[in-house]
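These protein sequence lines are chains A and B, in that order.
For the first sequence, this note's numbering gives the first residue as 1, with consecutive numbering after it.
For the second sequence, this note's numbering gives the first residue as 1001, with consecutive numbering after it.
The block underneath contains the structure these notes are about, expressed in structure tokens.
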Amino acid sequence: MRGKCKVCLVLVGLAGMICCSLNLAHAAALDAFAGLKGTISIAGGTAHIPVMNKAARNIMTRYPDIRITVEGGGSGIGVQKVGEGLCDIGDTGRALTGAEISQYGLRTFPFALDGVAVVANPENPVNGLDTRQVNAIFSGKIRNWKAVGGRDAAIHLFSRDEASGTREVFWKKLLHKGPMSPAANIVPSNGAMKVAIAQDRDAIGFISIGHIDKTVKPLKLNGVMPSQENARNGSYPVVRKLYMNTRGKPSRIVQAFIDYIRSPAGEAIVKKMGFIPLQ
Amino acid sequence: MDDRRPHSERWIEVTLLIMTGLSAVAIFSILILLGYFCLPLLRADHLARVLSWHWQPFGGEFGILPMCLASLALATLTLLLAFPMAMGICCLVHFLAPRPLARFFLGLTHFMTSIPTVVYGFVSVFLLVPVMRDWLHAGSGFTLLTAALTLTLLTLPTIVLVFNARLEQMDATLRLSAEAMGMTPVQQFRHVAVPAAGQGLAVAAILGFARALGDTLISLMLAGNAAQLPDSLFASVRTLTAHITLVLATDTHSMIYQSVFASGLILFLIMGTINSLIRRSWKSGRGYSHGSDL
């Protein structure tokens, strides 16, 4: 009986060692969690979710004693929840305001660069717009795709809610705080925006570059493709940082999570999910 | 107080009394809190700014009247669609369909109450929205009518079950006499059942209206949420409930955030009015059914 147990233990150990050696870089980054227990709750920006989920899965697979929950809600929810102590990390897709920092005593940890792209349905023949056209479309002055070289069909506008960090960046850096049409449909997350655009041949909206996949088509802005590469080298202007925020000094386990996201292993996740790690 | 009653019965009475008291206190504190949070609105010109027709929060306009109108339009449209359908189902179940079929329809209605709202919303996004967009050319497909059609499915069981319960309580002799007079099933429904269960009909309609007015998820997922006047069936509109959900996450000191409480108070007041309407119609309804029993 005892002999069998020993054999089992040795086998498990061997398997573990093989896994570790295959995954050495990632394993080293996860070492900070050794011996830690408890939960980390994350809420807020919907652009962050893919990165947070992947990091959480890596950590929880190796250390089952740690539970990490990831919720959306938008940047506004991120600030509110972390400020009121309802979650450990509040994600925002925009910098905190001075009032938010002083009211709650928040600390902020930027970890990635993200662009906001204008997107349309893949079936739409239009491939690019200039700043003036985007302004005219989103303010409701241009209402037909024909005016910008598309087919003869009404433009279906999609925008985001008032608490969205993505909307704020789009409005400030692309529309330069210009008017937005009140007739635009409002969706509550980056994911919902993708679904809406992917379904509707005549739709136009805006989305975090990290969320772009085959179901939507990013439109060139003044001839520049919204991509990781162009956001990094500065030729694509509509970019923002993604932040994790904590109230006061983060606890040991939360600090370990933040360090992991900003480690080389975390940067690999950030890159894989379509964002640009901050150097 | 009756002294012969067992202790256990007393305990039940006391427990129920405490429960009722707690619920009443909860409701009144909600009303008072809502009122308290709305106080800043009463200062200066804030109230006028909230009760206006334009919502352009980044241009300094915070009117929630379009949302009030959208809520009322959606609930009314839903009732207009659901109520005749519910009447038809009740007529079918009680007077026209053979018993197995009737039982099947009632079972189906009961089953409909157990489907989560989000399932209706999700299915509609992928089935109803493309139909509205491509066949009816209703803009993006996220419209007042889309939400109303889905809400109709959601409120239908409420109306059917409440009305059906009234019809089942109806005196059996009424129906026998009607049949003896040679009335056809449809005549019986029109001239006997509907007048006799008229109060039940009103209660069912009001409950259905309240259900449609209070629903958040369907309008958030399907109505488009554009803060504009509902000037056509195919307009994208934002209801009060969806407005609260969308705006709740903004900076707590802004006017945007204050509009949430005004929306909450307005919803609460509308619902309160509806509830008192139900109570009044129930009171007079009791008198009526006594009369018909004799």
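C-beta atoms are modelled at their ideal positions from N, C-alpha and C, and glycine is treated no differently.
Taking a contact as a CB-CB distance under 8 Å, the pair glycine 44 of chain A and glycine 98 of chain A does not count as one, their CB atoms being some 19 Å apart. Ranked by Cα distance from methionine 1255 of chain B, the first of B/Leu1127, B/Phe1028, B/Pro1006, B/Phe1037 is B/Phe1037. In this structure the stretch 1101 to 1121 of chain B touches the stretch 1216 to 1231 of chain B; the number of beta carbon pairs closer than 8 Å is three or more.
The C-alpha of leucine 1074 of chain B lies about 18 Å from the C-alpha of alanine 1086 of chain B. Contact check for glycine 1214 of chain B and alanine 1082 of chain B: beta-carbon distance about 15 Å, past the 8 Å limit, so the pair fails to qualify.
In this chain, arginine 1103 of chain B is not harboured by any beta strand (DSSP E); it is covered by the alpha helix (DSSP H) spanning 1099 to 1113.
Isoleucine 1270 of chain B and leucine 157 of chain A have their alpha carbons spaced roughly 32 Å apart. Going by C-alpha positions, leucine 278 of chain A is about 39 Å away from asparagine 144 of chain A. Bounds of the beta strand (DSSP E) holding glycine 115 of chain A are 106 to 120.
At a C-beta separation below 8 Å, threonine 1250 of chain B has these neighbours in chain A: Gly76, Glu162, Ala163. For proline 1040 of chain B, no CB of chain A lies under 8 Å from its own CB, so it is not counted at the interface with that chain. Listed in chain order, the non-local C-beta contacts of proline 50 of chain A below 7 Å within the same chain comprise Gly210, Met273, local neighbours out to five positions each way being set aside.
Nearest CB-CB separation between proline 250 of chain A and chain B: not below the 8 Å threshold. Non-local C-beta neighbours of methionine 60 of chain A in its own chain, meaning closer than 8 Å and more than five positions away in sequence, comprise Ile66, Arg67, Ile68, ordered along the chain. The Cβ of asparagine 1225 of chain B sits closer than 8 Å to at least one Cβ of chain A. Within the stretch 170 to 201 of chain A, the residues whose Cβ lies closer than 9 Å to any Cβ of chain B are, in chain order, Trp171, Lys177, Pro179, Met180, Ser181, Pro182, Ala183, Ala184, Asn185, Ile186, Val187, Pro188, Ala192, Val195, Ala196, Gln199, Asp200, Arg201. The three-state secondary structure of tryptophan 1055 of chain B, taken from DSSP, is strand. Taking a cut-off of 8 Å for Cβ pairs, the stretch 1227 to 1243 of chain B and the stretch 178 to 193 of chain A touch, as three or more such pairs fall below it.
Think of a sphere of 7 Å around the beta carbon of histidine 156 of chain A: the chain B residues whose beta carbon falls inside it are Gly1139, Ser1140, in chain order. Interface annotation, proline 1057 of chain B: in contact with chain A, CB-CB separation under 8 Å. According to the DSSP assignment, threonine 1155 of chain B belongs to no beta strand (DSSP E) but to the alpha helix (DSSP H) extending over 1144 to 1169. In terms of CA proximity to isoleucine 204 of chain A, A/Met193 leads the group A/Lys214, A/Met193, A/Ile212, A/Asp213.
If you ignore the 5 residues before and after serine 235 of chain A, its C-beta comes within less than 6 Å of the C-beta of Val224, all in its own chain and listed in chain order. Excluding its 5 nearest sequence neighbours in each direction, leucine 1246 of chain B has C-beta neighbours in its own chain below 8 Å: Leu1220, Asn1225, Arg1238, listed in chain order. Short of 6 Å from the beta carbon of isoleucine 42 of chain A, and not among the five residues preceding or following it, lie these beta carbons of its own chain, in chain order: Met52, Val70, Ile89. If you draw a straight line from the Cα of leucine 1277 of chain B to the Cα of arginine 1211 of chain B, it comes to about 15 Å. The beta carbon of alanine 203 of chain A sits closer than 8 Å to some beta carbon of chain B.
Shown here, tyrosine 243 of chain A sits in a strand according to DSSP, grouped into three states.
Relative to the Cα of glycine 1107 of chain B, the nearest Cα in the group B/Thr1015, B/Arg1133, B/Cys1090 belongs to B/Cys1090. In this model, alanine 56 of chain A and glycine 83 of chain A are separated by some 22 Å (Cα to Cα). Per DSSP, the beta-bridge partners of leucine 157 of chain A are A/Ile204. The beta-carbon distance between asparagine 190 of chain A and threonine 92 of chain A, rounded to whole angstroms, is 14 Å. This is too long to meet the 8 Å contact definition. Here the stretch 1061 to 1068 of chain B does not lie against the stretch 1133 to 1149 of chain B, with fewer than 3 beta-carbon pairs under 8 Å apart.
Glutamine 1228 of chain B has a beta carbon lying within less than 8 Å of a beta carbon in chain A. In the DSSP annotation of this structure, the continuous segment of the alpha helix (DSSP H) that includes isoleucine 1012 of chain B starts and ends at 1007 to 1042. Taking a Cβ-Cβ threshold of 7 Å, the residues of chain A close to serine 1236 of chain B are Ala183, Asn185, in chain order.
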